[in-house]
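**Student:**
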Amino acid sequence: MKNPVVLASGTAGYALEMAPLVDLSRLGAVILKSVTVEPGRGNPEPRIWETTGGMLNSIGLENVGVERLVEEVLPALSGLDTVVVASIAGETVRDFAKLASRLEGAGRLAALEVNVSCPNVEKGGIHFGCDEGATATVVQAVRENCSLPLFVKLSSAVSDISRVAEAAARAGTAGLSLINTIPGLAVDPVTRRPRLGAVTGGLSGPAIKPVALKAVWDCYRATSLPIIGGGGVYDAGDAVEFMLAGAAAVSVGTSTFQDPDRAARILEDLPAAIEKAGADGPRRLVGALKVNG
Amino acid sequence: MTETEVATAAALFEATLLGRQDAGATILLEFAAAAGAGPLKAPAPGQFYQVRCDTGKEHLLRRPLSAFGASAGQGGLRLSFMVDVVGWGTRRLSLLEPGDSVGMLGPLGRGFEVAGVRKALLVAGGIGAAPLAYLARELDRSGVTYEFLAGFRTVSGVCPGLDELRGGVSVFTEDGSRGEAGVACDGLPEILRRGFDAAFVCGPQEMMAAAAGLCEGAGIPCQVSLDSRMACGIGACRGCVKEGAGGRSLCVCLEGPVFDSRQVSWKKRTEGSGPALR
Ligand SMILES: Cc1cc2nc3c(=O)[nH]c(=O)nc-3n(C[C@H](O)[C@H](O)[C@H](O)COP(=O)(O)OP(=O)(O)OC[C@H]3O[C@@H](n4cnc5c(N)ncnc54)[C@H](O)[C@@H]3O)c2cc1C
Ligand SMILES: Cc1cc2nc3c(=O)[nH]c(=O)nc-3n(C[C@H](O)[C@H](O)[C@H](O)COP(=O)(O)O)c2cc1C
Ligand code: FES
Numbered sequence: 015m016k017n018p019v020v021l022a023s024g025t026a027g028y029a030l031e032m033a034p035l036v037d038l039s040r041l042g043a044v045i046l047k048s049v050t051v052e053p054g055r056g057n058p059e060p061r062i063w064e065t066t067g068g069m070l071n072s073i074g075l076e077n078v079g080v081e082r083l084v085e086e087v088l089p090a091l092s093g094l095d096t097v098v099v100a101s102i103a104g105e106t107v108r109d110f111a112k113l114a115s116r117l118e119g120a121g122r123l124a125a126l127e128v129n130v131s132c133p134n135v136e137k138g139g140i141h142f143g144c145d146e147g148a149t150a151t152v153v154q155a156v157r158e159n160c161s162l163p164l165f166v167k168l169s170s171a172v173s174d175i176s177r178v179a180e181a182a183a184r185a186g187t188a189g190l191s192l193i194n195t196i197p198g199l200a201v202d203p204v205t206r207r208p209r210l211g212a213v214t215g216g217l218s219g220p221a222i223k224p225v226a227l228k229a230v231w232d233c234y235r236a237t238s239l240p241i242i243g244g245g246g247v248y249d250a251g252d253a254v255e256f257m258l259a260g261a262a263a264v265s266v267g268t269s270t271f272q273d274p275d276r277a278a279r280i281l282e283d284l285p286a287a288i289e290k291a292g293a294d295g296p297r298r299l300v301g302a303l304k305v306n307g
Numbered sequence: 007m008t009e010t011e012v013a014t015a016a017a018l019f020e021a022t023l024l025g026r027q028d029a030g031a032t033i034l035l036e037f038a039a040a041a042g043a044g045p046l047k048a049p050a051p052g053q054f055y056q057v058r059c060d061t062g063k064e065h066l067l068r069r070p071l072s073a074f075g076a077s078a079g080q081g082g083l084r085l086s087f088m089v090d091v092v093g094w095g096t097r098r099l100s101l102l103e104p105g106d107s108v109g110m111l112g113p114l115g116r117g118f119e120v121a122g123v124r125k126a127l128l129v130a131g132g133i134g135a136a137p138l139a140y141l142a143r144e145l146d147r148s149g150v151t152y153e154f155l156a157g158f159r160t161v162s163g164v165c166p167g168l169d170e171l172r173g174g175v176s177v178f179t180e181d182g183s184r185g186e187a188g189v190a191c192d193g194l195p196e197i198l199r200r201g202f203d204a205a206f207v208c209g210p211q212e213m214m215a216a217a218a219g220l221c222e223g224a225g226i227p228c229q230v231s232l233d234s235r236m237a238c239g240i241g242a243c244r245g246c247v248k249e250g251a252g253g254r255s256l257c258v259c260l261e262g263p264v265f266d267s268r269q270v271s272w273k274k275r276t277e278g279s280g281p282a283l284r
């Protein structure tokens, strides 16, 4: 990674959509939309709803499927001077194994993000990430089938995220990615209907930042794994906060909708924000939250 | 791959409000792209912009607005929008003063397909008149004849500039305060007998469904401009996707917002309360 600011999965598509608008080569990495074994159709409309300081989405992992990712998307990305990370999501452990083996040697990828935390699908998704044993089994299955470094993407909507993180660490993940969206519901008080076609969705954006920071802090203390921290990152100050809580890199998702070039701007402002925090580089900040006095 | 292959000439740029005109229930906003925005493509009728309404981080989603007018002259790109105030974002836009600057992303999506059309029928409901008024002016410029049926709730909602159009314009208001009393579709059965190469429709979902049904019944190809909540506007998030005919997914921001009516599934009501496109 050239630098510690990356685009989160699902808000930057397959990077090709963003490429005409944003100079992706400046960013640390782009994490592609999660893919499943078969193409995903996604959830009924409406799929998004704006909330105070964020949004709910229930996209439901609509995606092109791993086959097209390998055959069409990755080759199309060859011209982009950017570190690319694929994200995989399975309904079963076997799915994860299949996805991993299809991406082994597919080229173009620097790492894999393993999404065990999507709140918008009936099977798999967050059901894996809620369970230490299931998370560990998924990590093992992916490792057995793919030699790329793994980042397990966890949900904060569990009783103790640090235990899931520890289980992932024992199973051999290279790092963690935190956090996925938080399950939520929006209601229309006039029609009495949910705002989303799938009824519930996942909350993202600045509204979830404190929850995300705590998740990063908990996992940082519990494991020594490198963490990609995110959830509501909007400016360079936010990025510094995540580093202090223990993130080695930060991901920018929902804020990209307001400004597609937000991550690049954060990167530009980062040196000044790091200096303001009294450090001479991002490394010194990681986990340097002062909790005693 | 269809979603990503579509070449986009969309650009991110700042635009300065030149002037505003309160046109009854709606507001007309005219912007100039800020100097330094570089060469910008003018929008085709039916294309839209993702307009940044918030300067802070409380409202992160841009709001989609169809181009109501555009000119790419010496002073750079000028854009106008007709805005119906329905919520926070549109209210925020309605409070802009000349000189204020707003972030734009566009032009986005696919507009109306007019190639080969020599006689057109335009049908608008409420704020749906915005893209169609732009289309009508472009048809005037290229000498295409058309009939324009435009329906509004009441006189204060009537789209400005309809009087200056060269085509035949019939205005309807639900309360009869201007033009004929009724809705635009009331005029359809009769006018369809005159025969058209294509129909272009934008308005509330039920109105578009009715218009599309009548046009298809008369054997006239019909293009409709769909509404959907949007986040990215560029095909990246899949937030705007609607289920179309035969279960096909329609990515409104990228493959639309204009679709052949036969691709659309009219069965579902998509917005619980959405009053936006009247
Ligand atoms: C391609 C496209 C072109 C459009 N062109 C125009 C235009 O030229 N002029 C214009 O005034 N409006 C246009 N709209 C509709 C406009 O985008 C919405 O009215 C606007 O986003 C509402 O934002 P808000 O913050 O004011 O309302 P919010 O506070 O977000 O919502 C207020 C109410 O509007 C509903 N709503 C929010 N977004 C939408 C939406 N996209 N469609 C339907 N209902 C919605 C909500 O359910 C809520 O009840 C267009 C929409 C699309 C998709
Ligand atoms: C529209 C949308 C789609 C998303 N899709 C995915 C996805 O496919 N895989 C995934 O791991 N996370 C997905 N996410 C979660 C984001 O990657 C991110 O973890 C979360 O939104 C919190 O970060 P943010 O507040 O910066 O957006 C999605 C988020 C949004 C808003
Ligand atoms: S709004 Fe994101 S894909 Fe259409």
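Chains as they are written, first to last, in our numbering: chain A, 15 to 307; chain B, 7 to 284. Positions of the beta carbon are idealized from the N, C-alpha and C atoms, including for glycine.
Hey, how far is the Cα of A/Tyr248 from the Cα of B/Lys63?
**Tutor:** Locating residue 248 of chain A in the first sequence gives position 234, where the first residue counts as 1. Locating residue 63 of chain B in the second sequence gives position 57, where the first residue counts as 1. Distance between the alpha carbons of A/Tyr248 and B/Lys63: 8 Å.
**Student:** For ligand 3, which residues count as neighbours when the test is a C-beta closer than 7 Å to any heavy atom?
**Tutor:** The answer, residue by residue, is B/Met236, B/Ala237, B/Cys238, B/Gly239, B/Ile240, B/Gly241, B/Ala242, B/Cys243, B/Arg244, B/Gly245, B/Cys246, B/Val247, B/Cys257, B/Val258, B/Cys259, B/Leu260.
**Student:** Please report the distance separating the alpha-carbon of A/Ala261 from that of A/Arg297.
**Tutor:** Taking the first residue of the first sequence as 1, we reach residue 261 of chain A at position 247. Taking the first residue of the first sequence as 1, we reach residue 297 of chain A at position 283. Approximately 10 Å, taken between the alpha carbons.
**Student:** From A/Thr149 to A/Gly198, what distance separates their C-alpha atoms?
**Tutor:** To locate residue 149 of chain A, count along the first sequence from 1; it is residue 135. To locate residue 198 of chain A, count along the first sequence from 1; it is residue 184. Taking the straight line joining both Cα atoms gives about 23 Å.
**Student:** Hey, would you say the C-beta of B/Pro210 is under 7 Å away from at least one heavy atom of ligand 1?
**Tutor:** For this step, residue 210 of chain B is matched to residue 204 along the second sequence. It does not: the Cβ of B/Pro210 is nowhere closer than 7 Å to a heavy atom of ligand 1.
**Student:** Can you grab the Cα-Cα spacing for the pair A/Gly24 / B/Ala126, in whole Å?
**Tutor:** If you number the first sequence from 1, residue 24 of chain A lands on position 10. If you number the second sequence from 1, residue 126 of chain B lands on position 120. If you take the alpha carbons of A/Gly24 and B/Ala126, they lie about 40 Å apart.
**Student:** Between the Cα of A/Leu94 and those of A/Ile102, A/Val36, A/Cys132, A/Glu76, spot the shortest distance and give me the residue it belongs to.
**Tutor:** Translated into positions along the first sequence, residue 94 of chain A becomes position 80. If we check each option's Cα against that of A/Leu94, A/Val36 comes out closest.
**Student:** Terminal residues of the continuous alpha helix (DSSP H) containing A/Cys132?
**Tutor:** The residue labelled residue 132 of chain A in the question sits at position 118 within the first sequence. It is not in any alpha helix (DSSP H) - A/Cys132 carries neither H nor E in the DSSP assignment.
**Student:** Excluding the 5 residues preceding and the 5 following A/Pro18 in the sequence, name in chain order all residues of the same chain whose CB lies nearer than 7 Å to its CB.
**Tutor:** Translated into positions along the first sequence, residue 18 of chain A becomes position 4. So the qualifying residues of the chain are Gly42, Ala262, Ala263, Val264, Pro296.
**Student:** State yes or no: is the C-beta of A/Val280 nearer than 7 Å to some heavy atom of ligand 2?
**Tutor:** What you label residue 280 of chain A is simply residue 266 of the first sequence in a count that begins at 1. Checking the sequence, you will find Ile at residue 280 of chain A rather than Val. No, the beta carbon of A/Ile280 sits no closer than 7 Å to any heavy atom of ligand 2.
**Student:** Taking only beta-carbon positions, decide if B/Arg68 is within less than 8 Å of chain A.
**Tutor:** Locating residue 68 of chain B in the second sequence gives position 62, where the first residue counts as 1. At least one chain A Cβ lies under 8 Å of B/Arg68.
**Student:** If we cut at 8 Å on Cβ distances, does B/Ser231 have a partner in chain A?
**Tutor:** One-based indexing of the second sequence puts residue 231 of chain B at position 225. Output row for B/Ser231: interface = no.
**Student:** DSSP three-state call for A/Asn194: helix, strand or coil?
**Tutor:** For the purposes of this step, residue 194 of chain A is identified with residue 180 of the first sequence, where counting begins at 1. DSSP places A/Asn194 in coil when its eight states are reduced to three.
**Student:** DSSP has A/Lys290 in a bridge; who is on the other side?
**Tutor:** Residue mapping note: residue 290 of chain A aligns to position 276 of the first sequence, counting from 1. Partner(s): none; A/Lys290 has no beta bridge.
**Student:** Looking only at DSSP bridge pairs, what is A/Phe165 linked to?
**Tutor:** Counting from one through the first sequence, the residue named residue 165 of chain A turns up at place 151. For A/Phe165, which the question treats as bridged, DSSP gives the partners A/Glu127, A/Gly189.
**Student:** Between the C-alpha atoms of A/Leu210 and A/Leu284, what's the straight-line distance to the nearest angstrom?
**Tutor:** In the first sequence, counting from the first residue as 1, residue 210 of chain A sits at position 196. In the first sequence, counting from the first residue as 1, residue 284 of chain A sits at position 270. If you take the alpha carbons of A/Leu210 and A/Leu284, they lie about 36 Å apart.
**Student:** Check whether the Cβ of A/Met32 lies closer than 8 Å to any Cβ atom in chain B.
**Tutor:** Position 18 of the first sequence, counting from 1, holds the residue named residue 32 of chain A. Interface residue, yes.
**Student:** Exposed or buried, which one is B/Gln56 when buried takes at least 16 other CB atoms within 10 Å?
**Tutor:** Position 50 of the second sequence, counted from the start, is the residue given in the question as residue 56 of chain B. It is buried - the Cβ of B/Gln56 has at least 16 other Cβ atoms within 10 Å.
**Student:** Tell me which residues share the same chain as A/Leu83 and place their Cβ nearer than 6 Å to its Cβ, disregarding the 5 neighbours each side in the sequence.
**Tutor:** For the purposes of this step, residue 83 of chain A is taken as the residue at position 69 of the first sequence. Correct list, in chain order: Val49.
**Student:** Are A/Val98 and A/Val128 touching if we call contact CB-CB under 8 Å?
**Tutor:** Walking along the first sequence from the start, residue 98 of chain A turns up at place 84. Walking along the first sequence from the start, residue 128 of chain A turns up at place 114. Their beta carbons are not under 8 Å apart, which means A/Val98 does not touch A/Val128 by this criterion.
**Student:** Please report the distance separating the alpha-carbon of A/Leu303 from that of A/Thr214.
**Tutor:** Locating residue 303 of chain A in the first sequence gives position 289, where the first residue counts as 1. Locating residue 214 of chain A in the first sequence gives position 200, where the first residue counts as 1. Looking at the two C-alpha atoms, the distance is approximately 35 Å.
**Student:** Taking its Cβ as the centre, do 16 or more other Cβ atoms sit within 10 Å of B/Lys248, making it buried, or is it exposed?
**Tutor:** The sequence position of residue 248 of chain B within the second sequence is 242, counting from 1. Classification for B/Lys248: buried.
**Student:** Within a Cβ cutoff of 7 Å, which residues of the same chain sit near A/Ala22, ignoring the five residues on either side of it in sequence?
**Tutor:** The residue you call residue 22 of chain A lines up with position 8 of the first sequence. So the qualifying residues of the chain are Ile45, Gly244, Ser265, Val266, Gly267.
**Student:** Counting only the same chain and skipping the five closest in sequence on each side, list residues whose C-beta sits under 6 Å from that of B/Arg84.
**Tutor:** Residue mapping note: residue 84 of chain B aligns to position 78 of the second sequence, counting from 1. Excluding positions up to five away in sequence, the list reads Ala38, Ser77.
**Student:** Just confirm the distance between the C-beta atoms of B/Pro113 and B/Cys208, as a whole number of angstroms; I'd bet it's less than 8 Å.
**Tutor:** Locating residue 113 of chain B in the second sequence gives position 107, counting from the first residue. Locating residue 208 of chain B in the second sequence gives position 202, counting from the first residue. Incorrect: roughly 16 Å between the Cβ atoms, too far for contact.
**Student:** Is the closest heavy atom of ligand 1 to the C-beta of B/Phe206 under 7 Å?
**Tutor:** Taking the second sequence and counting its residues from 1, one reaches residue 206 of chain B at position 200. B/Phe206: no, Cβ never under 7 Å from ligand 1.
**Student:** For a minimum of 3 consecutive residues, which ranges assigned as the beta strand (DSSP E) are wholly contained in the segment 22-79 of chain A?
**Tutor:** Those beta strand (DSSP E) runs which fall completely within the segment 22-79 of chain A and span 3+ residues are 43-49, 62-65, 68-71.
**Student:** Going by CA-CA distance only, name the one from B/Leu141, B/Leu111, B/Gly134 that's closest to B/Glu119.
**Tutor:** Translated into positions along the second sequence, residue 119 of chain B becomes position 113. Measuring from the Cα of B/Glu119, the nearest candidate turns out to be B/Leu141.
**Student:** Alpha carbon to alpha carbon, how far is A/Thr151 from A/Val107?
**Tutor:** Taking the first residue of the first sequence as position 1, residue 151 of chain A is located at position 137. Taking the first residue of the first sequence as position 1, residue 107 of chain A is located at position 93. Taking the straight line joining both Cα atoms gives about 7 Å.
**Student:** Shorter than 7 Å, the distance from the beta carbon of A/Gly121 to the closest heavy atom of ligand 2, or not?
**Tutor:** As a working mapping, residue 121 of chain A is identified with position 107 in the first sequence. Outside the cutoff, so no.
**Student:** Examine chain B for any beta-carbon lying closer than 8 Å to the beta-carbon of A/Phe271, and answer yes or no.
**Tutor:** Taking the first residue of the first sequence as 1, we reach residue 271 of chain A at position 257. Yes, A/Phe271 counts as interfacial toward chain B.
**Student:** Have a look at B/Gly52, B/Leu128, B/Val270 and flag the residue whose alpha-carbon is nearest the alpha-carbon of B/Leu171.
**Tutor:** Here residue 171 of chain B refers to the residue found at position 165 when the second sequence is read from its first residue. Answer by Cα proximity: B/Leu128.
**Student:** Would the beta-carbon of A/Lys16 be found less than 7 Å away from any heavy atom of ligand 2?
**Tutor:** To locate residue 16 of chain A, count along the first sequence from 1; it is residue 2. No, the Cβ of A/Lys16 stays beyond 7 Å of every heavy atom of ligand 2.
**Student:** Could you tell me which chain A residues have their CB closer than 9 Å to the CB of B/Leu71, listed as they occur along the chain?
**Tutor:** Counting from one through the second sequence, the residue named residue 71 of chain B turns up at place 65. None at all; the shortest Cβ gap to chain A is about 16 Å.
**Student:** Going by C-alpha to C-alpha distance, which of B/Met88, B/Glu212, B/Cys228 sits closest to B/Lys273?
**Tutor:** Taking the second sequence and counting its residues from 1, one reaches residue 273 of chain B at position 267. Checked all of B/Met88, B/Glu212, B/Cys228; the closest Cα to B/Lys273 is B/Glu212.
**Student:** What residue range does the alpha helix (DSSP H) around A/Val266 cover?
**Tutor:** Residue numbering aside, residue 266 of chain A sits at position 252 when the first sequence is read from its first letter. Counting along the chain, A/Val266 falls outside any alpha helix (DSSP H), though it belongs to the beta strand (DSSP E) covering 263-266.
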